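Everything in the sequence shown is counted per our numbering, starting at 167 for the first residue and increasing by one. First up is the structure itself, then whatever we jot down about it.
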Amino acid sequence: PGSTDFASNDYLGLAMDPQLAWDIDAEMATVRQEQQKLTGEVGLGSTGSRLLTGNSQYYEATEEMLSEFHGSESAANDVAALRRALASVSAAGSAPQPSRRGNLIVALETVYSMDGHCAPLAEMCDVAEEFGASVIVDEAHGTGVFGAGGRGWASQLGVEQRLFCRVHTFGKGVGAHGAAILGPRVLYDYLVNYARPLIYSTSLPLHSIVSIRCAYATMRASAEPRQRHLRELIEIFQARLLRLPPGSALSSPSPIQGIIVPGNEHCMQVAGFLQRRGFHVLAIRSPTVPAGTERLRIILHYHNTKEQVNALMDAIEEVMALPSDTSLASRL
Numbered sequence: 167p168g169s170t171d172f173a174s175n176d177y178l179g180l181a182m183d184p185q186l187a188w189d190i191d192a193e194m195a196t197v198r199q200e201q202q203k204l205t206g207e208v209g210l211g212s213t214g215s216r217l218l219t220g221n222s223q224y225y226e227a228t229e230e231m232l233s234e235f236h237g238s239e240s241a242a243n244d245v246a247a248l249r250r251a252l253a254s255v256s257a258a259g260s261a262p263q264p265s266r267r268g269n270l271i272v273a274l275e276t277v278y279s280m281d282g283h284c285a286p287l288a289e290m291c292d293v294a295e296e297f298g299a300s301v302i303v304d305e306a307h308g309t310g311v312f313g314a315g316g317r318g319w320a321s322q323l324g325v326e327q328r329l330f331c332r333v334h335t336f337g338k339g340v341g342a343h344g345a346a347i348l349g350p351r352v353l354y355d356y357l358v359n360y361a362r363p364l365i366y367s368t369s370l371p372l373h374s375i376v377s378i379r380c381a382y383a384t385m386r387a388s389a390e391p392r393q394r395h396l397r398e399l400i401e402i403f404q405a406r407l408l409r410l411p412p413g414s415a416l417s418s419p420s421p422i423q424g425i426i427v428p429g430n431e432h433c434m435q436v437a438g439f440l441q442r443r444g445f446h447v448l449a450i451r452s453p454t455v456p457a458g459t460e461r462l463r464i465i466l467h468y469h470n471t472k473e474q475v476n477a478l479m480d481a482i483e484e485v486m487a488l489p490s491d492t493s494l495a496s497r498l
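Encoded structure:
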């Protein structure tokens, strides 16, 4: 409380957007009125799994909205290493022929959560297609941040149709909860009939579906200025990184920025120093990241200002200039 947020995944500021909160309340009221007219009842929970009693026309309409928005039929970041891995599988006789899709799957994150690096999806697709592999991507940290209207990194690169499926989560840039799998109709039908988490889990309650619908409406209308402000903050942050010791900064075009502070204890001390200065910055320690690459994971948001970013970098420059054996516990 009272500190400047440089830690949450609320990239576009939608999770704390007051207008979006009011929009969700208004939509909930409208849906409940329609529900009462049709059934004479007003419910809260979904009551069961999608295949039993947890489905609704509103749920299906939301899926259609997501499919239309993301342009879908239904709703390892090293190219050389990928080529070697697929060649190894092919040599073992496991790979399908390049002319047909088989069971060889390449799974990628579009934006990597600890480094902020963005996957070279076009090059990855080239290699996958050469070996007849299908590509699945996780857009958890790309949704909202990249692409027209917040459609994601794959959309920004124009490779959506080269992917077997995409996973878009709603708990980060969208500011809501849940996720959608976007892919061909045959995948949709397969998951409905065979995906145990779908079959045996209670479906999302109405409030979650309404929140997703409203968040997407807000994102569709305001993603461009929010993304533009984010890019400006990233440019300021990266320009200031040049003042740090060589090898300290992780190059990233995303809101996820990293500053290497080797050693779990020292990294925690530096994060604590920044927190006492009023900046909510968290330390990422090994084994979450490899030993020796412990880091400050700094997240830039639409709700951050240029002044806040510069003030954070002033504090980082100050603490990084101190000898590593300096006690930071009592410094302010």
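Cβ atoms here follow ideal geometry from the backbone N, Cα and C, with glycine treated the same way. Just so we're clear, the structure is a prediction, and the values are computed from it rather than from any experiment.
From what residue to what residue does the alpha helix (DSSP H) around H334 run?
As a first step, residue 334 is located in the sequence shown; it is residue number 168 there, counting from the start. Element bounds for H334: not the alpha helix (DSSP H) but the beta strand (DSSP E), 331–335.
Do you know whose CA, among Q393, E296, Y354, V272, lies nearest W319's CA?
In the sequence shown, the residue the question calls residue 319 occupies position 153. Residue Q393 is the option with its Cα nearest to W319.
Taking the alpha carbon of A449 as the reference point, which residue from R443, H432, G179 has its own alpha carbon closest?
Stepping through the sequence shown from its first residue, residue 449 is reached at position 283. Closest option to A449, Cα to Cα, is H432.
Just the Cα atoms here: how many angstroms apart are R397 and V325?
Position 231 of the sequence shown, counted from the first residue, corresponds to residue 397. Position 159 of the sequence shown, counted from the first residue, corresponds to residue 325. Approximately 22 Å, taken between the alpha carbons.
List in chain order: all unbroken beta strand (DSSP E) runs of 3+ residues lying wholly within the segment 357–433.
With a minimum length of 3 residues, the continuous beta strand (DSSP E) runs that stay inside the segment 357–433 are 422–426.
Which first and last residues belong to the alpha helix (DSSP H) in which R249 is found?
Residue numbering aside, residue 249 sits at position 83 when the sequence shown is read from its first letter. Per DSSP, R249 belongs to the alpha helix (DSSP H) from 245–257.
Going by DSSP, which residues form a beta bridge with F445?
Residue numbering aside, residue 445 sits at position 279 when the sequence shown is read from its first letter. F445 pairs with T170.
Given a threshold of 16 other Cβ atoms within 10 Å of its Cβ, counted over all protein chains shown, does P421 qualify as buried or as exposed?
On the sequence shown, residue 421 is found 255 positions in, with the first residue counted as 1. With 16 or more other Cβ atoms within 10 Å, it is buried.
Is N470 buried or exposed, if buried means 16 or more other CB atoms sit within 10 Å of its CB?
As a first step, residue 470 is located in the sequence shown; it is residue number 304 there, counting from the start. Buried: at least 16 other Cβ atoms inside 10 Å.
Is DSSP giving L232 helix, strand or coil here?
Against the sequence shown, residue 232 aligns to sequence position 66. Here L232 sits in helix by DSSP.
Is it buried or exposed for T213, if we count other Cβ within 10 angstroms and need 16 for buried?
As a working mapping, residue 213 is identified with position 47 in the sequence shown. It counts as exposed.
Starting from V272, follow the beta strand (DSSP E) in both directions and report where the run begins and ends.
Residue numbering aside, residue 272 sits at position 106 when the sequence shown is read from its first letter. Residues 271–275.
On the three-state DSSP scale, how would you describe S321?
Counting from one through the sequence shown, the residue named residue 321 turns up at place 155. S321: helix per DSSP, three-state reduction.
Quick check on DSSP: helix, strand or coil for A487?
Numbered from 1 along the sequence shown, position 321 holds the residue referred to as residue 487. A487: coil per DSSP, three-state reduction.
Output the boundary residues of the beta strand (DSSP E) element that contains V293.
Counting from 1 along the sequence shown, the entry for residue 293 is found at position 127. From DSSP, V293 is part of no beta strand (DSSP E) but of the alpha helix (DSSP H) over 287–296.
Measure how close the beta-carbons of I402 and V485 come, nearest whole angstrom, since I'm counting them as under 8 Å.
Taking the first residue of the sequence shown as position 1, residue 402 is located at position 236. Taking the first residue of the sequence shown as position 1, residue 485 is located at position 319. Between V485 and I402 the Cβ distance is about 19 Å, and since that is not below 8 Å, they are no contact.
What first and last residue would you give for the beta strand (DSSP E) that runs through L210?
For this step, residue 210 is matched to residue 44 along the sequence shown. Neither: L210 is in no beta strand (DSSP E) and is coded neither H nor E.
Would DSSP call L178 helix, strand or coil?
Translated into the one-based positions of the sequence shown, residue 178 becomes position 12. Of the three classes helix, strand and coil, the one that applies to L178 here is coil, per DSSP.
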